[in-house]
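Encoded as structure tokens, the structure appears first; notes follow it.
Residue numbers (the UniProt record's numbering): 1 to 163.
Right under this line is the structure:
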């Protein structure tokens, strides 16, 4: 829901991709050699200007890593990277993962983003697009895979809005 205050998910558009490139290029000025690959997910927060929270992939010395970046765009359209951090992998941390569509009652369209957290097993946070009656919608799902079990439990599946 658009408004001043809380961040909300937005589609990864060419404008969002450009902000991801900007964040990686800005980091090059900090003597870090990174090559931009892709923006996986984005959130937008309206403040006195706009904060964009991006989860992106970039390569450092040929090794792909995931990063979280915050890009502030002022009302005058000036851009500034206010945060740029590598996403750690391990217990208590999340990171984007590639997913393949599985059987559903909805007609799967695409995954917008996915994260995995290591808990007593694995917790998956997935944002996906599916068609229902010919109309495309965005959903968020939370799936738990308990350690030592091959069964996955759908903890939450909610409609976010129209795609």
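For every residue, glycine included, the Cβ atom is placed at its ideal position computed from N, Cα and C.
Review point. Given residue 7, which residues of its chain have a CB within under 8 Å of its CB, disregarding the five upstream and five downstream residues?
Key: Cβ neighbours of residue 7 beyond the five flanking positions: 43, 44, 45, 51, 53.
Review point. Are residue 57 and residue 37 closer than 8 Å when you measure CB to CB?
Key: Going by beta carbons, residue 57 and residue 37 fall inside the 8 Å limit.
Practice item. Inspect the beta-carbon positions of residue 126 and residue 141 and report whether they are closer than 8 Å. Key: Contact annotation: residue 126 and residue 141 have beta-carbon atoms nearer than 8 Å.
Review point. Got a sec? Which residues, its chain only, sit under 7 Å from residue 150 by beta carbon, not counting five neighbours each side?
Key: Within the same chain, residue 150 has no close Cβ partners at all.
Practice item. Output the distance between the C-alpha atoms of residue 68 and residue 26, rounded to the nearest integer angstrom. Key: Between residue 68 and residue 26, the alpha-carbon positions lie close to 14 Å from each other.
Point to revise | Cβ separation of residue 114 and residue 136, assumed to be a contact under 8 Å, to the nearest whole Å | key: At roughly 18 Å, the Cβ-Cβ gap does not stay under 8 Å, so residue 114 and residue 136 are not in contact.
**Study point:** Pairwise C-alpha distance: residue 112 and residue 23
**Key:** If I take the Cα positions, the gap works out to 20 Å.
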